[in-house]
Amino acid sequence: MEPTDTSKPDYFHRVVDCQWACPAHTDVPEYIRLIAQGDFTAAYMVNRESNVFPGILGRVCDRPCEPACRRGRIEEKPVAICRLKRIAADHRDDVAALLPKAPAQKNGKRIACIGAGPASLTVANDLLPLGYAVTIFEQYAVAGGLMRTNIPAFRLPARVLDEEIGYITGMGADLRLNTPVRSLRRLLDSQAYDAVFVGSGAPKGKELELPGRNDTDRIHIGIDWLESVAFGHVDRVGERVLIIGVGNTAMDCCRSSLRLGARQVKVMARKPRQFFKASEWELEDAEQENVEIIVNHAPKSFVTEGGRLLGMMFEQLEYDVDGGEIRATRTLGEVFIPCDDVILAIGQENAFPWIEKDIGIDFDQWSVPKVNKTTFQSTLPGVFFGGDAAFGPKNIIWSVEHGHQAAISIHKYCHDEPVEERMPRGLKLSSRKMGMHEWAYKNEYNGVERRLVPHVGLVERFKKIDIEVELGFTAEEAALEVQRCLNCDMQTVFAAKLCIECDACIDICPVDCLTITANGPEARLRARLTAPATNRTQALYVSAALPQTGRVMVKDEDVCVHCGLCAERCPTAAWDMQKSTINIPNAIDEQVGTCPV
Amino acid sequence: MSYINKPKVAHPSLPTNKLGLTRRQYEGSMSTLCAGCGHDSVTASIIEACWGLDLKPEQLVKLSGIGCSSKTTAYFVAGAHGFNSVHGRMASIASGANAANRGLTYIGVSGDGDSLSIGVGQLVHAIRRNVNMLYLIENNGVYGLTKGQFSASADIGTKAKRGDVNVSPPIDPVLLALTLGATFVARSFSGDKAQLVPLIQAGMRHNGLALIDVLSPCVTFNDHEGSTKSYAFTREHYHAAIEADFVPPAEEIAVDYAAGETTRVGMHDGSSVLLRKLDPDYDPTDRSAAYRYIESKLRQNEYVTGLIHIDENDTTEFHKLNRTPDEPLNGIPFEKLSPGRAALDALMGKFR
Ligand SMILES: Cc1cc2nc3c(=O)[nH]c(=O)nc-3n(C[C@H](O)[C@H](O)[C@H](O)COP(=O)(O)OP(=O)(O)OC[C@H]3O[C@@H](n4cnc5c(N)ncnc54)[C@H](O)[C@@H]3O)c2cc1C
Ligand SMILES: Cc1ncc(C[n+]2csc(CCOP(=O)(O)OP(=O)(O)O)c2C)c(N)n1
Ligand code: SF4
Ligand code: SF4
Ligand code: SF4
Ligand SMILES: [Mg+2]
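Note that the protein sequences, when read in sequence, are chains A and B.
For the first sequence, the working numbering assigns the number 652 to the last residue and increments by one with no breaks.
For the second sequence, the working numbering assigns the number 575 to the last residue and increments by one with no breaks.
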């Protein structure tokens, strides 16, 4: 293999698995260390810089970082990254003075954001400090988008939303509530805005057209029903409820039902458990509340009598599953399951009835707009899309990242600069060596197991619909959980010319990451390392030829615990532990409007 | 010396041996030697070798004298028995322990100072008695522990860290052992685990004393330019003559060994050593030829490494010669072990 070029920011960035997996690239190990030091405010601000809503996301983020976490490859359970975010939010001091501020002198550019969900709010967050005048149009009386109208308050309290949305509107966004945009053409024709950001979400719940669908008013579309619950329009449900679908929306529907009078809630799944869309932790939370999840049942028809819903007919299925795929399906028979209400939670779609088809914005056959994946620009140059509106339903953290990227584009667009030419990511490395055996980070591996977040008791939590179920870590548990982080940003940095091939690093490495061997093609190298490097998603570091024998130092990044022992045992300091800081540019980092040199 | 211990966490795919133990379970306490010391690599090879032999930790006895090298017995197989003797006296302790219990596996780790300077008389007699043990010398040409004075293995002309030049002729442990009739003599390098691990395994399974001289650089006092025992010098001047592979008893011998240049030597416990001569002129079973070869190469400043001499047919093994009991002394009933006044009088009577 060629010697690894570690000057490219991506190499060390990938080693920080969580940060690499986070759509907004939150600097996770840095904020976890700040929590460990008790500096919750600083930890909060590190979060806010990339993910904008630490208190919200610390409760309800889809947490793609956790399945990626290196700790999960070493002892199964990843670091509770998400819940540590919440600890930072819960314990922070007043951050008002630390928040970005809009300058008194505006730059004269006006931006319209359609929808007040996380995508639009992020655009406003990034552009207001640059002097833009940002107007946010929201059809409802409250801001927050689905975070407010669909994520139930027992998972995400209104107070948390109010606070973090308040930080953005507080910078001077012109938030126009109860103001639906009914025609994009009219908005554009008004020429009141230099650019438009569409962050209107994917608001249409999927239908299930089966016999009996229109014979009763007790069949509900999940996201509409949750919205009605959030606005207090619905405050009761029947005793027996069937939820169709087993994604995250289904989980919110079943748990909300239990809080509105349901006694018996069944979530009906067509396929076996391994094919569920819901996150493992959402399933756990629902099952803990005694929701029954029934697999291998396909809906056949709604059974009604004189407008009254009696129940549903299902086909019972059997599958042959092999290698994670369904090879064959058999029908075993039909069953009737009685119920009083049915909630359909089988997905969401985009819908833009207010965007005229002839104004230059192209859509594909599923009504998803054609949007550039890097710039978020639509086929109409001044109009940008982000969040669920751009590529269909995703989650909050993706909406935030879309918002950041769209803000960069808008900033460039408004200054007549090409939106594709974006600042590249940067890398900064600095040694953490303090003395012979001292590092400016806690390098000791702590074997403590993942801590559990305490929950409100199973009786207490149902007393009101908005009792937040998760209590957040206690200080003691958090203090243990932070020690589980492996400090993956403390990089092992190698200087081949210093190595005397004494093997000290290889012998000391607790997880057999290192090998000195003859160079060769990657596949062969992977097979003959101290421990075979079978995880191909993780990089191999290959050094330049070593001075004494011409062999190479190879490091398999897969399960390095960043203990620093290699650097500590190296007599020549050929290994060093250096903190990597990945600079992820936001709109504020882009230089616009200056003379090109 | 490190401030944190090597964490217990291990690679998730770390293999286990027949006892269900991983290599990590053959480790000892954290090394306090200088970072980069060759001795630590030898320790790693011993760990690997013991793991590969499926050795029960409590079956192993670790013996040593004084020196950085002698400290290393603390760094492997924490569950083994151990004895740290006074300087240069490891061989006596090993002989005594060996006489008292032949059921255990003995490994002595010593230094060039411990074995060739102060303890050379002890080493000589251990070889002569053919004590059933692996005797491993971690040879760095200096007294590391006492800050780098020349030892008895320092070559003529080698320079100390401060520039002094050695004028006294060295004692080469390999030549010494060959002269004294040792039945297993090997040399290796701390930086060559692929060579060292099977040598250690074969040495532990050899019936009699197995001496391995391991060139093991002292990174602190003898790794500079002008030293003949530095990493760089050793790498330039070591010359693998005979590769040895150790094959445990039940295992099939892989076909690719079948070629003519490979010799199989059967060990008394059913395992074998497969020798592959890299130098066609060399015959490891011919003691005097081996002596001549090593000596001539040494004169050209070349360290010949590998399994230099092996003689599995020798009958001079310690227990055989001395008719020690099969049963360890601690398993013999007290009345038999100490038969009382009358028996002693009877015995003494024989000498009157
Ligand atoms: C039940 C449910 C649970 C979920 N749980 C989670 C979770 O736990 N974690 C997670 O990360 N994600 C979750 N999501 C997904 C997440 O809420 C969305 O991906 C995210 O909110 C999308 O953000 P957005 O800014 O693109 O749009 P939205 O949040 O959908 O906001 C769009 C806003 O635009 C407004 N709007 C729409 N059209 C117009 C118009 N013409 N004029 C003016 N205003 C308009 C809407 O009223 C809305 O306020 C969940 C989704 C659902 C349905
Ligand atoms: C009787 C006695 N004499 C001298 C010493 C001092 N001393 C301690 S270690 C040592 C030399 C050790 O050299 P070596 O065996 O080569 O070990 P190394 O440290 O080089 O590995 C000496 C002379 C001692 N401990 N005891
Ligand atoms: S920091 Fe070094 S010694 Fe520690 S696990 Fe990583 S490679 Fe191994
Ligand atoms: S400890 Fe240092 S000098 Fe020794 S092999 Fe490792 S990198 Fe090279
Ligand atoms: S002084 Fe030399 S022999 Fe002793 S530990 Fe240090 S490097 Fe090893
Ligand atoms: Mg020595």
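Yeah, the Cβ is synthetic: ideal placement off N, Cα and C, and Gly gets one too.
Cβ pair count under 8 Å reaching 3, the region 367–387 of chain A against the region 415–427 of chain A: no
Could you tell me which of A333/A, L154/A, G361/A, K552/A sits nearest to F108/A, measuring between CA atoms?
L154/A
Touch check for the region 233–240 of chain A and the region 209–221 of chain A: three-plus C-beta pairs under 8 Å? no
| field | Pick from E57/A, L89/A, D340/A that is closest to E536/A, judged by C-alpha positions | value | L89/A
Checking contacts by CB at 7 Å: is C621/A closer than that to chain B? no
| message | Quick check on the burial criterion: 16 or more other C-beta atoms within 10 angstroms. Buried or exposed for A578/A? | response | exposed
- L553/A: beta carbon under 6 Å from a heavy atom of ligand 3? no
Just to check, is the beta-carbon of M202/A closer than 6 Å to a non-hydrogen atom of ligand 1?
yes
Excluding the five sequence neighbours on either side, which residues of its own chain have a C-beta within less than 8 Å of the C-beta of V609/A, listed in chain order? L569, T570, I571, T572, L580, L584, L595, Y596, V597, S598
### Message
Measuring straight from C-alpha to C-alpha, what distance separates Q460/A and L513/A?
### Response
42 Å
Subject >> L142/A, enclosing alpha helix (DSSP H) - first and last residue >> reply: Per the sequence presented here, residue 142/A reads as Ile, with Leu not at that position. Residues 136–146.
Chain A within 7 Å of A482/B, Cβ atoms only:
Low confidence applies to A482/B: its pLDDT is 46, below 50, so where it sits in the model is not reliable enough to give any reading.
TODO: Examine ligand 4 and report whether any of its heavy atoms sits within less than 6 Å of the Cβ of C441/B.
DONE: no
Note to self: For a cutoff of 7 Å on Cβ pairs, would you count E612/A as touching chain B?
What the structure shows: no
(message) In the DSSP assignment, the beta strand (DSSP E) including G252/B goes from what residue to what residue?
(response) Sequence check: residue 252/B is Ser here, not Gly. Neither: S252/B is in no beta strand (DSSP E) and is coded neither H nor E.
Quick one: is the Cβ of V365/B within less than 6 Å of any heavy atom of ligand 6? yes
- Message: Only counting the same chain, and skipping five residues up and downstream in sequence, which positions put a Cβ closer than 6 Å to that of D375/A?
- Response: R382, A383
Notebook entry, point to check: Which value, in whole angstroms, describes the spacing of the CA atoms of G127/A and A143/A?
Noted result: 22 Å
Please indicate yes or no: does the CB of W494/A lie closer than 6 Å to some heavy atom of ligand 8? Among the ligands modelled here, namely ligand 1, ligand 2, ligand 3, ligand 4, ligand 5 and ligand 6, ligand 8 does not occur.
Mark T406/B as exposed unless 16 or more other C-beta atoms lie within 10 angstroms of its C-beta, in which case mark it buried.
buried
inquiry  = I want to verify the contact list: residues of chain B whose CB lies under 7 Å from the CB of E499/A, in sequence order.
reply    = I227
Which residue comes first and which comes last in the beta strand (DSSP E) that contains W630/A?
630–638
* **Proximal residues of chain B, C-beta to C-beta of Q538/A below 8 Å** => Within 8 Å Cβ-Cβ: nothing; Q538/A doesn't reach chain B, min ~12 Å.
Suppose the cutoff is 8 Å on Cβ atoms and the five residues either side in sequence are ignored; what does the same chain contact list for E389/A look like? K355, M368, F369, E370, Q371
Distance between beta carbons of K416/B and A267/B, contact taken as under 8 Å: 7 Å
*asked:* For G378/A and M491/A, I'd like the C-alpha separation in whole angstroms.
replied: 51 Å
To which residues of the same chain is L399/B closer than 6 Å at the C-beta, ignoring the five residues directly before and after it? none
Check: Along chain A, which residues have their Cβ under 7 Å away from the Cβ of H491/B?
Finding: Simply none; closest approach about 32 Å.
**OP:** Assuming N362/B contacts S439/B (C-beta within less than 8 Å), just tell me the rounded distance between them.
**Re:** 6 Å
* Consider the Cβ of T329/B: report whether some Cβ of chain A lies at a distance smaller than 7 Å. => First, the residue type needs correcting, since residue 329/B is Tyr and not Thr in the sequence shown. Not an interface residue.
Q) By the 10 Å Cβ neighbour count, where 16 or more other Cβ atoms means buried, how is D388/B classified, buried or exposed? A) Note that residue 388/B is Val in the sequence shown here, rather than Asp. Answer is exposed; the Cβ neighbour count stays below 16.
Discussion item. At the level of alpha carbons, what is the spacing between Y461/B and P471/B?
Written reply: 28 Å
Could you tell me if the beta carbon of C260/B falls within a distance shorter than 6 Å of some heavy atom in ligand 2?
-> no
**Prompt:** Can you tell me where the alpha helix (DSSP H) with V322/A in it begins and where it stops?
**Reply:** Element bounds for V322/A: not the alpha helix (DSSP H) but the beta strand (DSSP E), 319–323.
Problem set entry | 7 Å Cβ cutoff met for K283/B and A303/B | Here residue 283/B is Leu; the residue named in the question, Lys, does not match the sequence. The answer is yes: Cβ separation under 7 Å.
Quick check: the Cα distance between D307/A and L281/A, rounded to an integer number of angstroms? 8 Å
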